[in-house]
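Colleague:
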Amino acid sequence: GYPFALFQRYFLFQKETYLIHLYNVFTGLSIAYFNFGMQFFHSLLCVLIQFLILRLMGRTITAVFTTFFFQMTYLMAGYYFTATDHYDIKWTMPHCVLTLKLIGLAIDYYDGGKEPEFLTPEQRQFAVRVVPTLLEVSGFSYFYGAFMVGPQFSMTDYQKLARGEMTDVPGQRPNSFVPALKRLSLGLLFLVIYTLSSQYISDEYLTSDDYMEKPFWFRCAYMLIWGKIILYKYVTCWLVTEGVCILVGLGYNGKDQNGKPLWNACANMKVWLYETTPFFTGTIASFNINTNTWVARYIFKRLKFLGNKLLSQALTLFFLAIWHGLHSGYLVCFQMELLIVIIERQIIKLIRDSPTLSTLTSITALRPIFYVLQQANHWLFMGYSLVPFCLFTWDKWMKVYRSIYFFGHVSLFILLLVLPYIRRVVVPRKEKLKKAE
36 GYPFALFQRY FLFQKETYLI HLYNVFTGLS IAYFNFGMQF FHSLLCVLIQ FLILRLMGRT
96 ITAVFTTFFF QMTYLMAGYY FTATDHYDIK WTMPHCVLTL KLIGLAIDYY DGGKEPEFLT
156 PEQRQFAVRV VPTLLEVSGF SYFYGAFMVG PQFSMTDYQK LARGEMTDVP GQRPNSFVPA
216 LKRLSLGLLF LVIYTLSSQY ISDEYLTSDD YMEKPFWFRC AYMLIWGKII LYKYVTCWLV
276 TEGVCILVGL GYNGKDQNGK PLWNACANMK VWLYETTPFF TGTIASFNIN TNTWVARYIF
336 KRLKFLGNKL LSQALTLFFL AIWHGLHSGY LVCFQMELLI VIIERQIIKL IRDSPTLSTL
396 TSITALRPIF YVLQQANHWL FMGYSLVPFC LFTWDKWMKV YRSIYFFGHV SLFILLLVLP
456 YIRRVVVPRK EKLKKAE
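The sequence shown begins at 36 in this note's numbering and counts up one residue at a time.
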């Protein structure tokens, strides 16, 4: 995508918007054809039908539901008819990115028909007020910097990009070359780490007889390291594509309070937080950021009418699971995520409310020890949760879980049962009464 971004920077900046749309359609379709041959027609068909839904149904809730049903059904059918037991590069990979993009477009278009006072500030920011043309919808869908693996971005940001407004210096090309190069370099660093590590760490080894014959401690240690390394392939892709978006200007996110330009609008990774956080919630907040933001904006917050935050969170994670694919491993992985987050929040609250535990954890000399233990626990359970996500099928991930005696599930369910009783012991009654008041 970098050659395409350079061409757009130097030859199409602030040109007629239709030229930019045509350029994005041509480059995106070329990428699709190069990778998937004639199967590029799947994305083309869905884009054309989406445009017809917007035009024929207008800004109605019917259009939103029709979009959601059609795009998700098409994606699920694609998963079903192309399913294998391995991770394959096939047309469904970019199509899952496109599916979210088109559903988000339908919702933003629906919001664009409402009066601003009936929208939240976030909804007002992304509402599409003007009826998009077929060329505009196509350019938005096929933008070369995000077609294959994301990131997600809104139609309003794409329209600003086409008008030449995504720049830190109005009327001039964005000063984004160095920020883009930094993300590219960081992505290449993770690529090197992953490539070197993958010679010793692999998915296949988890199901091998040699792994099964190792001591329990070794199997757990290997899973911890594997869970850390295996995600670097995603980190690499997102950092490299983010650099493309920054280079062309789509990554511009205004300026901070000191007037310094921000280039994180398309950031899918907060690398420092990802590498240093000892919390599962910290990993979630730093990994695949744009997809998480998308599901929060268009799924989780739209389920507010249910009146139950936990139910909304569970349904959101269920959506994420089926969006990833039809394999049982995805459902197990996101079920684990929900369970881990619930327990982690309970433990944090327990430590905060208990004078004894909060005093103990605040001792400076003990903090490094707690940090190391917490990180080890963090990545052990991350690896445990990623086993079904990466191995996909029931027979594979069950084989691994049996070999480690389902220690993750057992530990979490025990904690879920005993934490309320521990809280009764370590949290003084006056603290409980204060919380109740």
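For each residue, glycine too, the CB sits at the ideal point set by N, CA and C.
Which whole-angstrom value is the C-beta distance of Q43 and V283, which I expect to be below 8 Å?
Modeller: The sequence position of residue 43 within the sequence shown is 8, counting from 1. The sequence position of residue 283 within the sequence shown is 248, counting from 1. The Cβ separation is near 5 Å, so the contact holds.
Colleague: Quick check on the burial criterion: 16 or more other C-beta atoms within 10 angstroms. Buried or exposed for G185?
Modeller: Mapped onto the sequence shown, residue 185 falls at position 150. Looking at its Cβ environment, which holds 16 or more other Cβ atoms inside 10 Å, G185 is buried.
Colleague: Determine the closest residue to F354 out of T108, P167, Y456, with distance taken between C-alpha atoms.
Modeller: Within the sequence shown, residue 354 is the residue found at index 319, counting from 1. It is T108 whose Cα lies nearest to the Cα of F354.
Colleague: Tell me where the alpha helix (DSSP H) around R159 begins and ends.
Modeller: Position 124 of the sequence shown, counted from the first residue, corresponds to residue 159. Note, R159: alpha helix (DSSP H), 156 to 161.
Colleague: If the criterion is Cβ atoms closer than 9 Å, does the pair I236 and W261 meet it?
Modeller: Position 201 of the sequence shown, counting from 1, holds the residue named residue 236. Position 226 of the sequence shown, counting from 1, holds the residue named residue 261. Result yes, Cβ atoms of I236 and W261 sit closer than 9 Å.
Colleague: Excluding the 5 residues flanking I439 on each side, which residues of the same chain have their C-beta closer than 6 Å to its C-beta?
Modeller: Residue 439 sits at position 404 when you count from the first residue of the sequence shown. Excluding residues within five positions, the ones whose Cβ falls inside 6 Å are R254.
Colleague: Taking the straight line between their C-alpha atoms, what separation do you get for Y333 and F39?
Modeller: For the purposes of this step, residue 333 is identified with residue 298 of the sequence shown, where counting begins at 1. For the purposes of this step, residue 39 is identified with residue 4 of the sequence shown, where counting begins at 1. Computed Cα separation, rounded: 30 Å.
Colleague: I need the DSSP call for M183, collapsed to helix, strand or coil.
Modeller: Here residue 183 refers to the residue found at position 148 when the sequence shown is read from its first residue. It is coil, neither helix nor strand.
Colleague: Check this for me: beta carbons of D238 and I265, under 9 Å apart or not?
Modeller: Indexing the sequence shown from 1 puts residue 238 at position 203. Indexing the sequence shown from 1 puts residue 265 at position 230. Their beta carbons are under 9 Å apart, which means D238 touches I265 by this criterion.
Colleague: What separation, rounded to the nearest whole angstrom, lies between the Cα atoms of G418 and L259?
Modeller: As a working note, residue 418 is residue 383 in the sequence shown. As a working note, residue 259 is residue 224 in the sequence shown. Approximately 5 Å, taken between the alpha carbons.
Colleague: Tell me the rounded alpha-carbon separation between L395 and S389.
Modeller: Here residue 395 corresponds to residue number 360 of the sequence shown, with the count starting at 1. Here residue 389 corresponds to residue number 354 of the sequence shown, with the count starting at 1. If I take the Cα positions, the gap works out to 10 Å.
Colleague: According to DSSP, simplified to helix, strand and coil, what is F314?
Modeller: Indexing the sequence shown from 1 puts residue 314 at position 279. F314: coil per DSSP, three-state reduction.
Colleague: Taking the straight line between their C-alpha atoms, what separation do you get for C272 and G222?
Modeller: For this step, residue 272 is matched to residue 237 along the sequence shown. For this step, residue 222 is matched to residue 187 along the sequence shown. C-alpha separation (whole angstroms): 7 Å.
Colleague: M304 bridges to which residues according to DSSP?
Modeller: To locate residue 304, count along the sequence shown from 1; it is residue 269. Answer is F322.
Colleague: In the DSSP assignment, the alpha helix (DSSP H) including V213 goes from what residue to what residue?
Modeller: Position 178 of the sequence shown, counted from the first residue, corresponds to residue 213. Its alpha helix (DSSP H) spans residues 212 to 232.
Colleague: Measuring alpha carbon to alpha carbon, tell me which residue in F416, Y144, S393 is nearest V166.
Modeller: Here residue 166 refers to the residue found at position 131 of the sequence shown. Answer by Cα proximity: Y144.
Colleague: If you run the structure through DSSP and keep just helix, strand and coil, what is P205?
Modeller: Along the sequence shown, read from residue 1 onward, the residue named residue 205 stands at position 170. Here P205 sits in coil by DSSP.
Colleague: Alpha carbon to alpha carbon, what distance is there between C425 and D243?
Modeller: Start at 1 with the first residue of the sequence shown, and residue 243 comes out as number 208. Start at 1 with the first residue of the sequence shown, and residue 425 comes out as number 390. The residue you asked about is not Asp; residue 243 is Ser in the sequence shown. Rounded to the nearest angstrom, the two C-alpha atoms are 15 Å apart.
Colleague: Ignore the nearest five residues each way along the sequence and tell me which others in Y406's own chain have a CB closer than 7 Å to its CB.
Modeller: In the sequence shown, residue 406 corresponds to position 371, counting from 1. Within the same chain, Y406 has close Cβ partners P313.
Colleague: Since A141 and L89 are thought to touch, with beta carbons under 8 Å apart, how far apart are those beta carbons, to the nearest angstrom?
Modeller: Translated into positions along the sequence shown, residue 141 becomes position 106. Translated into positions along the sequence shown, residue 89 becomes position 54. Sure, about 7 Å apart at Cβ, within 8 Å.
Colleague: Can you find the residues in the same chain that come closer than 8 Å, C-beta to C-beta, to T117, ignoring five residues on each side of it along the sequence?
Modeller: On the sequence shown, position 82 is the one that residue 117 refers to. These residues qualify, in order along the chain: D123, K125, W126, T127.
Colleague: Where in the segment 375 to 438 do unbroken runs of the alpha helix (DSSP H), each at least 4 residues long, occur, reported from the N-terminal end onward?
Modeller: Here the runs fully enclosed are 390 to 396, 402 to 426, 429 to 438.
Colleague: Helix, strand or coil, according to DSSP, for K50 in the structure here?
Modeller: Residue mapping note: residue 50 aligns to position 15 of the sequence shown, counting from 1. Of the three classes helix, strand and coil, the one that applies to K50 here is coil, per DSSP.
Colleague: Excluding five sequence neighbours on each side, which residues of the same chain lie with their C-beta closer than 6 Å to the C-beta of V422?
Modeller: Here residue 422 corresponds to residue number 387 of the sequence shown, with the count starting at 1. Cβ within range, chain order: W432, V435.
Colleague: Taking just the CA atoms, how far does R458 sit from T191?
Modeller: Position 156 of the sequence shown, counted from the first residue, corresponds to residue 191. Position 423 of the sequence shown, counted from the first residue, corresponds to residue 458. When rounded, the separation of the alpha-carbon atoms in T191 and R458 is 48 Å.
Colleague: Just curious, the alpha helix (DSSP H) that P455 is in, first and last residue?
Modeller: Mapped onto the sequence shown, residue 455 falls at position 420. 442 to 461 is the extent of the alpha helix (DSSP H) around P455.
Colleague: Runs of 4 residues minimum, wholly inside the segment 243 to 269: which ones carry the alpha helix (DSSP H) assignment?
Modeller: With a minimum length of 4 residues, the continuous alpha helix (DSSP H) runs that stay inside the segment 243 to 269 are 244 to 248, 251 to 265.
Colleague: With respect to the alpha helix (DSSP H) encompassing P38, which residues constitute its N-terminal and C-terminal limits?
Modeller: Walking along the sequence shown from the start, residue 38 turns up at place 3. Residues 37 to 42.
Colleague: Only counting the same chain, and skipping five residues up and downstream in sequence, which positions put a Cβ closer than 6 Å to that of P296?
Modeller: Sequence index remark: in the sequence shown, residue 296 carries index 261 (1-based). Closer than 6 Å at Cβ, skipping near neighbours: D203, K290.
Colleague: Tell me whether the beta-carbon of W358 lies closer than 9 Å to the beta-carbon of G139.
Modeller: Indexing the sequence shown from 1 puts residue 358 at position 323. Indexing the sequence shown from 1 puts residue 139 at position 104. No, Cβ-Cβ distance for W358 and G139 is not below 9 Å.
Colleague: Out of curiosity, what's the CA-to-CA distance linking W414 and L385?
Modeller: Taking the sequence shown and counting its residues from 1, one reaches residue 414 at position 379. Taking the sequence shown and counting its residues from 1, one reaches residue 385 at position 350. Cα to Cα, the separation comes out at about 22 Å.
Colleague: Using 8 Å as the cut-off, can you tell me whether the segment 172 to 181 makes contact with the segment 51 to 71, which would need three or more C-beta pairs spanning the two stretches below that distance?
Modeller: yes
Colleague: Per DSSP, which one or two residues make a beta bridge with P296?
Modeller: For this step, residue 296 is matched to residue 261 along the sequence shown. Partner(s): K290.
Colleague: Taking 8 Å as the limit between beta carbons, can you name the residues of its chain near M92, skipping five residues before and five after?
Modeller: Here residue 92 refers to the residue found at position 57 of the sequence shown. So the qualifying residues of the chain are A98, T101.
Colleague: Compare the Cα-Cα distances from V367 to each of G443, N343, R387 and report the closest residue.
Modeller: On the sequence shown, residue 367 is found 332 positions in, with the first residue counted as 1. Answer by Cα proximity: G443.
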